[in-house]
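Chains as they are written, first to last, in the numbering used here: chain A, 1 to 240; chain B, 1 to 240.
2 protein chains.
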Amino acid sequence: MTPEDQTSSLSDGKGEVFRRRSLHEELTEAIRELIVVGDLLPGTRVPEKELCALYSVSRTPLREALKVLAIDGLVNLEPNRGAWVSKITKEDIDDVFPVMGALEALSGELACKHISDAEIGNVRRLHREMLKYFEQRDLEGYFAVNQQIHEAILSAARNKTLTAQYNSLAARVRRARYVANMTMDRWTQATEEHEQIMTFLERRDGARLSAILKKHLENKLETVRQWLDDNEEADGAKAR
Amino acid sequence: MTPEDQTSSLSDGKGEVFRRRSLHEELTEAIRELIVVGDLLPGTRVPEKELCALYSVSRTPLREALKVLAIDGLVNLEPNRGAWVSKITKEDIDDVFPVMGALEALSGELACKHISDAEIGNVRRLHREMLKYFEQRDLEGYFAVNQQIHEAILSAARNKTLTAQYNSLAARVRRARYVANMTMDRWTQATEEHEQIMTFLERRDGARLSAILKKHLENKLETVRQWLDDNEEADGAKAR
DNA sequence: CCGACTCAAAATGCATTCATTATTCAAACA
DNA sequence: TGTTTGAATAATGAATGCATTTTGAGTCGG
Chain A
1 MTPEDQTSSL SDGKGEVFRR RSLHEELTEA IRELIVVGDL LPGTRVPEKE
51 LCALYSVSRT PLREALKVLA IDGLVNLEPN RGAWVSKITK EDIDDVFPVM
101 GALEALSGEL ACKHISDAEI GNVRRLHREM LKYFEQRDLE GYFAVNQQIH
151 EAILSAARNK TLTAQYNSLA ARVRRARYVA NMTMDRWTQA TEEHEQIMTF
201 LERRDGARLS AILKKHLENK LETVRQWLDD NEEADGAKAR
Chain B
1 MTPEDQTSSL SDGKGEVFRR RSLHEELTEA IRELIVVGDL LPGTRVPEKE
51 LCALYSVSRT PLREALKVLA IDGLVNLEPN RGAWVSKITK EDIDDVFPVM
101 GALEALSGEL ACKHISDAEI GNVRRLHREM LKYFEQRDLE GYFAVNQQIH
151 EAILSAARNK TLTAQYNSLA ARVRRARYVA NMTMDRWTQA TEEHEQIMTF
201 LERRDGARLS AILKKHLENK LETVRQWLDD NEEADGAKAR
């Protein structure tokens, strides 16, 4: 085999994406997104066969991906019965949000220790951008930038383990937030909280940033919980 | 087929019934233990073939298990190059312990809210048992009961997500603690801290319990870090 | 003598196949 | 008529097989 041929696998006969990241990794991400966005409905079965056909892969890498998603809590694996998209129950989010809160708090604390001026500038820029979306009442744009802000803080914490654990939970939180729309009041409140987040981050006040991040998430929890109160009809199938 | 087995309603609830353990689950646990205990050395390759022979399984379930362990951070998967036992580096434990601390703190906080008198009694019993091991200088026994105490508190927190995240990290912490022996001073200190843990738990003082648990772990971190300082020659193989 | 190249052997990622288990649905029974 | 039985069907879990990549030894050339 000639050494130059090493980069030849990018355009296979199947037209698949380049194999830089292994197949099961790509699958994990793709299916995670399907679940978060709601294309795969909570409480339903994960259609193994269809997904195999959709992505033109065999069951082996797909099942590997499902194992990973099971750890993230997005699917439940039942021996000999297959994989089910986990439901968004009140118990579930009451479990997830406090843990996420603890991680966010730690994230803020560590970020204040390590963040550079340039990074703060970047967050400030994102913050301004988010305010614009708020003023324009563009919820999609708001969410997108919002997420970037939290990720920027997380990245400034300089802790890979924290990042991994955070991202593992983030999918479930995002999914919950995706279904539960904010009221205008909550939105205003959330934006005000972000104002404080920005302030404490610039002061590198770890304790206060930590506290406000935790509270910020608690308020988000309240939003989602309220939505669940209003939409109990979504429950019906077996949970597990 | 046995006709009587159709009345499956006994395992219908959401409680943790004995779900049949599939092969990859067993494997995950077995290999995790191999790594934690040190039978598989940090920095070395995971001998896929040998493990298949050892457990008399094919590569498929083994590889599924490795995916799970990779998330726990016990192994690193390198595309087309296989799985490697992750090393215990200073950066690694400096990452893991703070996150673990945050989770333990939350665990204590929630436990104080939900723990029953009977459960407190059980922890008290474990605590006494641990003190006996301390007096007998039985480190193995001490560690075993120690772990049970932390697990009892965790269980009292009534949070499945927290439990999952905690256990995911616990393996790495256990592994670190396994290699790094405590000095007598540290051991005494740890025992004293456990005395306080017991006190605050019985008072159901969440804030203080949370704080002491976090500090307890910080001290453990110091022990491990010191050990790493003294044993830098352990590094040599490839990190990732 | 040392480095680069070639080629073979081993290992990996994924697909396919096989055995076991669950599910379905029609027939038998009370 | 409603419930239960049991065989056909479908799906899952795991083993095997195949193509690609990596690794390493041996050879050639400088």
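The C-beta atom is built at its ideal place from N, Cα and C for all residues, glycine as well.
Nonlocal neighbours in the same chain, by C-beta distance under 7 angstroms from Ala65 of chain A, ignoring five residues either side
His24, Leu27, Thr28 and Ile31
Can you give me, in chain order, the residues of the stretch 205-234 of chain A that have a beta carbon less than 7 angstroms from any beta carbon in chain B?
none
Which residue or residues does DSSP assign as beta-bridge partners of Asn76 of chain B?
B:Trp84
Touching by the beta-carbon criterion (3+ pairs, under 8 angstroms), the stretch 209-216 of chain B and the stretch 107-122 of chain B:
yes
Mind listing the chain B neighbours of Ala170 of chain A? Cutoff is C-beta to C-beta under 8 angstroms, in chain order.
What Ala170 of chain A touches in chain B: nothing, since even the nearest Cβ is about 12 angstroms away.
Integer-rounded CB distance, given that Leu154 of chain B should sit under 8 angstroms from Ser107 of chain B
5 angstroms
For Val96 of chain A, which residues in the same chain have their Cβ closer than 7 angstroms to its Cβ, ignoring the five residues on either side in sequence?
Leu169, Arg172 and Val173
Closest by CA to Gln165 of chain B, which one among B:Leu139, B:Gly141 and B:Gly73?
B:Gly73
Using beta carbons (cut-off 8 angstroms, strictly below), is Thr188 of chain A in contact with chain B?
no
Measure the Cβ-Cβ separation of Arg37 of chain B and Leu162 of chain A and say whether it is below 8 angstroms.
At residue 37 of chain B the sequence reads Val, which differs from the Arg that was named. Their beta carbons are not under 8 angstroms apart, which means Val37 of chain B does not touch Leu162 of chain A by this criterion.
8 angstroms CB neighbourhood of Gly82 of chain B in its chain, flanking five on each side removed
Arg45, Val46 and Glu48
Cβ closer than 8 angstroms: which chain A residues qualify as neighbours of Ala105 of chain B?
Ala102
Proximal residues of chain A, C-beta to C-beta of Arg63 of chain B below 8 angstroms:
Glu64
Please report the Cβ distance between Met182 of chain A and Thr223 of chain A, rounded to the nearest whole angstrom; I am assuming they are in contact, meaning their Cβ atoms lie under 8 angstroms.
6 angstroms
Compute the distance between the beta-carbons of Leu217 of chain A and Glu104 of chain A, then report whether it is under 8 angstroms.
yes
Residues near Glu193 of chain A by beta carbon distance below 8 angstroms, same chain, minus five either side:
Ile212, Lys215, His216 and Asn219
Tell whether a beta-carbon distance below 8 angstroms holds between Val85 of chain B and Leu40 of chain B.
yes
Near Ala180 of chain B, which residues of its chain fall below 8 angstroms by C-beta distance, leaving aside the five closest residues on each side in sequence?
Thr223, Val224, Gln226, Trp227 and Leu228
Starting from the C-beta of Ser8 of chain B, find all residues in its chain whose C-beta is less than 8 angstroms away, skip the five residues before and the five after it, and write them out in chain order.
Confidence at Ser8 of chain B is low in this model, with a pLDDT of 31, below 50, so its placement is unreliable and the value that follows should be read with caution. Around Ser8 of chain B: no qualifying Cβ.
Classify Gly101 of chain B: buried if its beta carbon has 16 or more other beta carbons within 10 angstroms, exposed otherwise.
buried
Which residues in chain A have a C-beta closer than 7 angstroms to the C-beta of Ile71 of chain B? List them in chain order.
Val68 and Ile71
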